[in-house]
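Keeping their order, the protein sequence lines are chains P and W.
For the first sequence, the numbering used here assigns the number 137 to the initial residue and increments by one for each residue that follows.
For the second sequence, the numbering used here assigns the number 137 to the initial residue and increments by one for each residue that follows.
A virtual CB, placed ideally from N, CA and C, is assigned to each residue, including glycine.
Predicted, not measured: the structure shown is a model, and the values here were computed from it.
One structure below.
2 protein chains.
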Amino acid sequence: MPPQRRIDLVLDSVKRLLRIGATANLGNLLQKQHPADLAQVFGDLAERDRVAAFSVLVERNSRLAMETVSELGAEGGAALLAGRSAEEIARLVQEMPPDDAAALIDNLPDELSAAVLELMGRKESGEVENLLEYAVQTAGRIMNPNVFALSEDMTVGEAITALQSSRDVEMVFYLYIVDARRHLVGVTSLRRLLLVSPETPLKRIMTLEPISARVEMDQEEVARLVASYNLLAIPVVEESNKLVGIITVDDVIDVIKDEATEDLYRLAGVSSDERVFTPAGESLRKRMPWLIVNLGTAFMAAAVVGIFRNTISSWVALAIFMPIVAGMGGNAATQTLTVIVRGIALGELTWGNSRKALVKELLVGIGNGLVIGTIAALVAWVMNGDPRLGIILALAMLVNLFVAGLAGTLIPLGLKALKIDPALASAVFITTFTDVAGFASFLGLATLFVRYFRPAG
Amino acid sequence: MPPQRRIDLVLDSVKRLLRIGATANLGNLLQKQHPADLAQVFGDLAERDRVAAFSVLVERNSRLAMETVSELGAEGGAALLAGRSAEEIARLVQEMPPDDAAALIDNLPDELSAAVLELMGRKESGEVENLLEYAVQTAGRIMNPNVFALSEDMTVGEAITALQSSRDVEMVFYLYIVDARRHLVGVTSLRRLLLVSPETPLKRIMTLEPISARVEMDQEEVARLVASYNLLAIPVVEESNKLVGIITVDDVIDVIKDEATEDLYRLAGVSSDERVFTPAGESLRKRMPWLIVNLGTAFMAAAVVGIFRNTISSWVALAIFMPIVAGMGGNAATQTLTVIVRGIALGELTWGNSRKALVKELLVGIGNGLVIGTIAALVAWVMNGDPRLGIILALAMLVNLFVAGLAGTLIPLGLKALKIDPALASAVFITTFTDVAGFASFLGLATLFVRYFRPAG
């Protein structure tokens, strides 16, 4: 059965069992599911049902319940737990890996999170507090400090024995090898252990200087390393090269998805932490500032139009074609902006080749301006019966699409130089440029025409 | 040294060695690099230098050269090879895994790719041709057919022996277990082999019914499975459950990145295969159709304005505030659209909860409309000295932001129902709705006012 159909069936059963209050049966059903499936089922339940089903699961199998919380992500997980007592949360989060526990506790209300850390066992809260000391979105914050490491003095046989007695560690496919002071010196793989005799010293089969991430490295950079070297995990080290954690590829996938969402959202003027089911009031508060900024820029465009009010009043047909100038410039600029921002994010666009990108975008702008301007001129001529209006429209379009290429390339590159996220050069800012340039050129040219010829309409 | 700085140093050395023609030194330098680093270095070289450096690398180490081609991706790799003879390409692609070879050959000019397939050894070209029979963007197309599998009748000791003699297979962390007709029956891990005695039958330590992908499954769905179950690889099966390939997590990361780029691009009206350095002529051809569609929709908005030309001619201040109505509606609609499209892509928005999303977006639209409309009204009043214009603007804004929420939610959901990619509901289509609704309400209300009161300006 396709996974999605199975999940839908489970969801229906959960709803039914909750309705008839069949707690024991519900526990049996939940108990048998994969945490990723449970996360999806919980996500689709109404809030009251979600809390009820989660309580049943916690009673039955608290480990599985907390794995589900991990899958729900820090925000969703914190929301699910926030109704419980600090004692209970402190007990439950100890079932989670420290990185997930840290992210979750960080998302609880301040008072509750302090109480939870207070109540946790000293070792566990120490681990979590250590993670919380690293800045958000760094390697240190997202790593799992329980990393399995072997001593460089071991033989392969000793390493296999150590492996057999290890439990509860993430990712034992790469075996990191450390010296006496726990400095990372090499890496080998489980498979290589199997290919040599047990007496072989580990040193002989290890690769030196494995690719690693420093604790303060930005998570986006970590993701780029893991993706470009096709790693399954990356060791995290402190300045002295001391091994302190590991980031596995599944966490990297989450980072890649989040960063892609962030770029997409910023380009559209949406906060990166908004989701489809963020409550309406919160979405309103988050989107409002962008719209207010946009209102300000729209008034700038309006002011430019205002300069030419006499021209418009003597030639009203101009007002009809204004939306075309603005719309085309905005769309062409968005195209350029999107390609440039994504090129920066994927690491394809660098300082060295940025002039090449600018030249290309200007050529595209001129080319599109000539073609689109000509088409628009012909249509406007037919619609309005006045060839002069068409000529003005074509010239304005050419200027506007050139400005679109220029602003769409230079603004994100400039923001990058200022170390600001280029995606913040959202459509909001770019379209101000094209609106202003478009209206100024369209109405300015029209004013010159009106001055030298009598307009037709 | 941070990886990026090392790569920059290598790049500088490569350029210098090419300039002075020190081929032997260049070969030594390239030889020592990781293919992912070489791909980045090659990407940053001018085309002539890239081809020259690649020739040196092919001579020195053709395996490494082709690993670099794999890292460059199918399109970039094909461009690098296209200047060579079919004989040479046929020989070189046999150094690549079949999935990468298939993607590369598919990107060569038609005649060349046919000649290459003709010239390849029967076994290799057979594998590649098999892959090319699956539709693009399916599991079958991106899988590696060289999958390591163990027979269900083996013992753990026999499995370890089989592993020791295997070579050149991808990902031996998951060990898939098949029956006599190669049907997938279970999975175990290398680590579990180490925890039991060699006489243990494999059957006793395998997990039944591992999560698998069908050959025809869309690659986006495959990526979702791998990501939500935190897998390192997924086995690919035919209808009968016969094991035919494997997709590893590094390929899944590429899919996730490509799909994110695709969504971002489609929302902006850019072809999903465009990159920063796509030649200007090609970019022009690819973006033009979107702009022409947008020109058509812009003329629709212009036609709506045309209906009210008499109102505008008697009250020119209206023309000044038109850009505000259009701009705000477009931006609010883009916000909604982006959240909805991303929610669909991440699997958070489903049929079951779409009404909830619509209600939320309408509430946000009304809320934003009231606040933004009020602010805009006050500013317009101050700017223009006429409170009536402010009131009309506020009412039009409310209508427009309501329409933005409605269209931004329903259009992508409708496209999804029609099995069209919701991201194609790009800003182009959505802004037509908001432009038409905005101009119609703004100018329509103004017409009613003009009929009952004398306007001021």
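Q) Helix or strand or just coil, what does DSSP make of Asp354 of chain W? A) Note: Asp354 of chain W maps to strand in three-state DSSP.
(Q) DSSP has Gly381 of chain P in a bridge; who is on the other side? (A) Residue pairing by DSSP places Gly381 of chain P opposite P:Val372 in a beta bridge.
Q) Under three-state DSSP, which class holds Leu554 of chain P? A) Collapsing the DSSP output to three states places Leu554 of chain P in coil.
Q: Report the rounded CA-to-CA distance for Glu356 of chain P versus Asn520 of chain P, giving the unit in angstroms.
A: Each residue's Cα considered, the two are about 53 Å apart.
**Q.** Rounded C-alpha distance that separates Ser419 of chain W from Val412 of chain W
**A.** Roughly 9 Å between the two C-alpha positions.
Q) What does DSSP give as the partner residues of Thr274 of chain P in its beta bridges? A) Paired residue(s): P:Asp354.
Q: Check whether the stretch 227-238 of chain W touches the stretch 267-286 of chain W, taking contact to mean three or more Cβ pairs, one atom from each stretch, closer than 8 Å.
A: Pairwise C-beta distances place the stretch 227-238 of chain W in contact with the stretch 267-286 of chain W, as three or more of them are shorter than 8 Å.
Q) Can you name the residues of chain P whose CB is closer than 9 Å to the CB of Asp236 of chain W? A) Under the 9 Å cutoff, chain P gives no residues; its nearest Cβ is about 12 Å from Asp236 of chain W.
Q: Using a Cβ-Cβ cut-off of 8 Å, state whether Leu400 of chain P counts as contacting chain W.
A: It does; some Cβ of chain W falls within 8 Å.
Q: Taking only beta-carbon positions, decide if Val535 of chain W is within less than 8 Å of chain P.
A: Between Val535 of chain W and chain P, the shortest Cβ-Cβ separation is not below 8 Å.
Q | Beta-carbon neighbours of Gly262 of chain W, restricted to chain P and to distances below 7 Å | A | By Cβ distance, chain P contributes nothing, its closest Cβ being about 26 Å from Gly262 of chain W, past 7 Å.
Q | Beta carbon proximity, Met202 of chain P to chain W, threshold 8 Å | A | Output row for Met202 of chain P: interface = no.
**Q.** Pairwise C-alpha distance: Val252 of chain W and Gly580 of chain P
**A.** So the two alpha carbons sit approximately 59 Å from each other.
Q: In angstroms with no decimal places, state the Cα-to-Cα distance between Gly593 of chain W and Ser449 of chain W.
A: In this prediction, Gly593 of chain W has a pLDDT of 46, which is less than 50 and means its spatial position is unreliable; nothing more can be read from the coordinates.
Q: Could you say which of P:Arg318, P:Thr297 and P:Tyr310 lies nearest to Arg334 of chain P if we only look at CA atoms?
A: According to the sequence displayed, residue 334 of chain P carries Pro and not Arg. Minimum Cα distance to Pro334 of chain P is reached at P:Thr297.
Q: Determine the DSSP secondary structure at Tyr365 of chain W, reduced to helix, strand or coil.
A: Secondary structure of Tyr365 of chain W (DSSP, three-state): coil.
Q.
Let me confirm a value: Val385 of chain P is counted as buried when at least 16 other C-beta atoms fall within 10 Å, else exposed. Which label applies?
A. So Val385 of chain P counts as buried.
Q) Could you give the residue range of the alpha helix (DSSP H) that holds Thr474 of chain P? A) Boundaries of the alpha helix (DSSP H) around Thr474 of chain P: Ala453 to Ala481.
(Q) Within 8 Å of any Cβ in chain P, is that where the Cβ of Lys492 of chain W sits? (A) It does; some Cβ of chain P falls within 8 Å.
Q: Anything in chain W within Cβ reach of Asp148 of chain P, meaning under 8 Å, just list it in chain order.
A: Those within 8 Å of Asp148 of chain P in chain W number zero; the least Cβ separation is about 10 Å.
Q. Along chain W, which residues have their Cβ under 9 Å away from the Cβ of Pro548 of chain P?
A. Correct list: empty, because the minimum Cβ distance to chain W is about 11 Å.
Q) Shorter than 8 Å from the beta carbon of Ala541 of chain P to some beta carbon of chain W? A) Reading the sequence as shown, one finds Gly at residue 541 of chain P and not Ala. Chain W, which has no Cβ nearer than 8 Å to the Cβ of Gly541 of chain P, makes this no.
Q: Classify Ile156 of chain P as buried or exposed, calling it buried when 16 or more other Cβ atoms lie within 10 Å of its own Cβ.
A: Ile156 of chain P is exposed by the Cβ-count criterion.
Q: May I ask you to list, following chain order, the residues of the stretch 440-471 of chain P that have a beta carbon less than 7 Å from some beta carbon of chain B?
A: Note that chain B does not occur in the displayed structure, where the protein chains are P and W.
Q.
Please identify, using Cβ separations under 7 Å, the residues of the stretch 496-511 of chain P that lie next to chain W, in order along the chain.
A. Across the stretch 496-511 of chain P, CB contacts with chain W closer than 7 Å involve Lys496, Leu499, Val500, Gly503, Asn504, Val507, Ile508 and Ile511, in sequence order along the chain.
**Q.** Residue closest to Asp144 of chain W, alpha-carbon to alpha-carbon, out of W:Gln176, W:Lys168 and W:Asn161
**A.** Closest by alpha carbon: W:Gln176.
Q. Roughly how many whole angstroms lie between the Cα atoms of Val429 of chain W and Glu203 of chain P?
A. If I take the Cα positions, the gap works out to 48 Å.
Q. Since Gln300 of chain P meets chain W, which of its residues come closer than 8 Å, beta carbon to beta carbon?
A. Those are Leu330 and Leu331, listed as they occur along chain W.
Q.
I believe Met533 of chain W touches Ala512 of chain W by the beta-carbon criterion, under 8 Å. Please report the beta-carbon distance rounded to the nearest angstrom.
A. Rounded to the nearest angstrom, the Cβ distance from Met533 of chain W to Ala512 of chain W is 6 Å, consistent with a contact under 8 Å.
Q. Would you report the Cα separation of Ala468 of chain P and Ala540 of chain P, rounded to the nearest angstrom?
A. Going by the C-alpha atoms only, they are around 6 Å apart.
**Q.** Under 7 Å by beta carbon: chain P residues contacting Phe435 of chain W
**A.** Per Cβ cutoff of 7 Å: Ile460 and Val515.
Q. Going along the chain, which residues of its own chain have a beta-carbon closer than 6 Å to the beta-carbon of Pro346 of chain P, five neighbours each way excluded?
A. In chain order, Val323 place their CB closer than 6 Å to the CB of Pro346 of chain P, counting only its own chain and leaving out the 5 sequence neighbours on each side.
Q) Given 8 Å as the limit, is there contact between the stretch 424-443 of chain W and the stretch 433-441 of chain P, that is, 3 or more CB pairs closer than that? A) Output reads no: the stretch 433-441 of chain P does not touch the stretch 424-443 of chain W.
Q: Report yes if the C-beta distance between Ala172 of chain P and Leu181 of chain P is below 8 Å; otherwise report no.
A: Not closer than 8 Å, so no.
Q: Work out the CA separation of Leu217 of chain P and Gly257 of chain P for me, nearest whole Å.
A: Roughly 19 Å between the two C-alpha positions.
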